[in-house]
Amino acid sequence: MTGVSFPDYPEKIGEIQAGGGLTQQDVTEKNWDWDIINNRASFVGSYIFQENSMIRRVNLPDCKTVYSDAFYRCSNLSQISLPKCEYISLRAFCSCSSLEYVDLPECSFISEQAFMSCKKISYANLPECLTVGYNTFNGCTSLVEISLPKCISIIAYAFTFTG
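Under our numbering, think of the first position of the sequence shown as 389, with each following residue one higher.
Okay, here's the thing in structure tokens:
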């Protein structure tokens, strides 16, 4: 079938979200400064920056949720600043091989494999985190310190093969 179009339906990869967040359409339609993603978005949609090797830093001061695979395999991503983020979804930062420091002061839930294979993470600050999911920090071979003072649930293999 050819010639089929849906005029008011934006072409997006991953989830379609309503209001205030970063979507695939935002990324494809705007000229981004790829070195640092600095935005007032309230969420980051699934798969939006997946395998983007140009991103080095992320500063999202109003972001509450990072959906699945949003930054999966962003090989040069080294810093994330998400001061209001409450929820990190499945594989959100998985295999970000340059990511060194995780500071999520408001995050209460980190889903499965969220930081799996982020080999350079040495420190993670998660003072409000209640749940760390399955395989969350698996393969984070440089991890030497993590702060989880309120954590009540650590799921299987969360810290397998860590520093």
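Glycine included, every Cβ here is placed at the ideal spot set by N, Cα and C.
- Message: Rounded to the nearest angstrom, what separates Gly433 and Val454 at their Cα positions?
- Response: Along the sequence shown, one-based indexing puts residue 433 at 45. Along the sequence shown, one-based indexing puts residue 454 at 66. Distance between the alpha carbons of Gly433 and Val454: 7 Å.
- Beta-carbon separation of Tyr522 and Ala546 under 8 Å? Working through the sequence shown from its first residue, we reach residue 522 at position 134. Working through the sequence shown from its first residue, we reach residue 546 at position 158. In terms of Cβ geometry, Tyr522 and Ala546 form a close pair [threshold 8 Å].
- Item | Which of helix, strand or coil DSSP assigns to Tyr545 | Numbered from its first residue, the sequence shown carries residue 545 at position 157. Tyr545: coil per DSSP, three-state reduction.
- Task: Give the straight-line distance between the Cα atoms of Cys495 and Gly527, rounded to the nearest whole angstrom.
- Result: For this step, residue 495 is matched to residue 107 along the sequence shown. For this step, residue 527 is matched to residue 139 along the sequence shown. Distance between the alpha carbons of Cys495 and Gly527 is about 21 Å.
- Please name the residue, chosen from Gln438, Glu516, Gln467 and Asn447, that lies closest to Arg428 on a Cα-to-Cα basis. As a working note, residue 428 is residue 40 in the sequence shown. Selected option, being the one with the closest Cα: Asn447.
- Is Ile401 helix, strand or coil when you go by DSSP? For this step, residue 401 is matched to residue 13 along the sequence shown. Annotation note: pLDDT 28 at Ile401 (below 50); position unreliable, no value reported.
- Looking at Cys462 and Ser430, is the spacing between their C-beta atoms short of 8 Å? Walking along the sequence shown from the start, residue 430 turns up at place 42. Walking along the sequence shown from the start, residue 462 turns up at place 74. Going by beta carbons, Ser430 and Cys462 fall outside the 8 Å limit.
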